[in-house]
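Trainee: My questions will all concern the structure given below.
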Amino acid sequence: MKLFRRRQDSDAPSAADTAEAAPDYAEPVRAWRAWCVYDQPDGPMLRSIFFPDFWEPRRPLFATCHHRRVFHIRRRNGVDHVAPAKRCECGIYGADAQTASEYLRDPMPGEVARVFGLVSLWGSVLECARGWRATNAYPAAVYVPTTTRRNRCHWSPSELAALLRRYGVTVEVLDCSGEEIVDAAQRRAAAWKGGPR
Amino acid sequence: MKIGRLKRLLIVEPVVDPVPRERPPADAQPKRLVQAGARRDQRAG
């Protein structure tokens, strides 16, 4: 006899939350985020800052929960959940410009640069106090600040921007200092119809 | 990234795909449709 009832995975969005539910929005949520840039054989590629997820050009990124992999926690019911889960911290993140700009610091070893920009989020999107966690994501605009230090980056900011245009989205160089980056990026995004919404 | 406490779940189904698709090269653009079949005298039987 089972002493404990198997725990329901209430973290994951239920069927009523996803498949059968009418969508709340017909356009993606646009939010700000930072990416690190890695030098890959076919050119510079965006990568998430905290997890080794590469954002491939012209392919949407699908969220998977890395919580178990990182902390080696074995879930009691042995079932991985669909990201983003309400009680987890998984999903693809987007935030307001000020919050996202805090991650524009110097690149870590292995990275060549850090860039900043807008991300389209769709699917199941968990709205939080200062940002969102989503199932699917793709960059909507990328801004390459000239002032961020670059690790062994053999591309100038304008060269890096040109190479990142293979993502098929707006890529611009921001020639301004650290404090001004957020304002400059927001002005550019406001002038462009695909800004945050 | 700290994005604060959870507020609500949104279901977002974009009408237009947010991922830009690669355009086919100019050579791949269709110009006209032709029927390429075997001539009567080449058909078996």
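Chains as they are written, first to last, in the working numbering: chain A, 162 to 358; chain B, 16 to 60. C-beta: ideal position from N, C-alpha, C; glycine also.
#1: Using the three-state DSSP reduction, which class does threonine 296(A) fall into: helix, strand or coil?
#2: First and last residue of the alpha helix (DSSP H) that includes leucine 324(A)?
#3: Give the straight-line distance between the Cα atoms of histidine 151(A) and glutamate 250(A), rounded to the nearest whole angstrom.
#4: Where do the ends of the alpha helix (DSSP H) carrying alanine 352(A) lie?
#5: Taking 7 Å as the CB-CB limit, is glutamate 288(A) close to chain B?
#6: Under a Cβ-count criterion, where at least 16 other Cβ atoms within 10 Å of its own Cβ denotes burial, should phenylalanine 165(A) be classed as buried or exposed?
#7: Taking serine 285(A) as part of the beta strand (DSSP E), name the residues at either end of that continuous run.
#8: Restricting to runs no shorter than 3 residues, where is the beta strand (DSSP E) found entirely within the stretch 191 to 263 of chain A?
#9: Beta-carbon within less than 6 Å of isoleucine 18(B)'s beta-carbon, same chain only, minus the 5 sequence neighbours each way: which residues are those?
#10: So that I know if they touch, is there some Cβ in chain A lying closer than 7 Å to that of arginine 38(B)?
Mentor: Judging by the given coordinates:
#1: Taking the first sequence and counting its residues from 1, one reaches residue 296(A) at position 135. Of the three classes helix, strand and coil, the one that applies to threonine 296(A) here is strand, per DSSP.
#2: Here residue 324(A) is taken as the residue at index 163 of the first sequence, counted from 1. Where leucine 324(A) is concerned, the enclosing alpha helix (DSSP H) stretches over 318 to 325.
#3: The structure shown does not extend to residue 151(A), since chain A is modelled only from 162 through 358, so no value can be given for it.
#4: One-based indexing of the first sequence puts residue 352(A) at position 191. Run containing alanine 352(A): 341 to 352, per the alpha helix (DSSP H) assignment.
#5: Residue mapping note: residue 288(A) aligns to position 127 of the first sequence, counting from 1. Output row for glutamate 288(A): interface = yes.
#6: Taking the first sequence and counting its residues from 1, one reaches residue 165(A) at position 4. Residue confidence is low: phenylalanine 165(A) scores 40 on pLDDT, short of 50, so the model does not pin down where it sits. Its coordinate-derived value is still stated next. The residue is exposed, with fewer than 16 neighbouring Cβ atoms inside 10 Å.
#7: Here the question's residue 285(A) lines up with position 124 in the first sequence. It spans 274 to 289 - the beta strand (DSSP E) in which serine 285(A) sits, taken as one unbroken run.
#8: 204 to 208 and 253 to 256
#9: Taking the first residue of the second sequence as 1, we reach residue 18(B) at position 3. So the list is empty, once near-sequence residues are dropped.
#10: For this step, residue 38(B) is matched to residue 23 along the second sequence. By this cut-off, arginine 38(B) is not an interface position.
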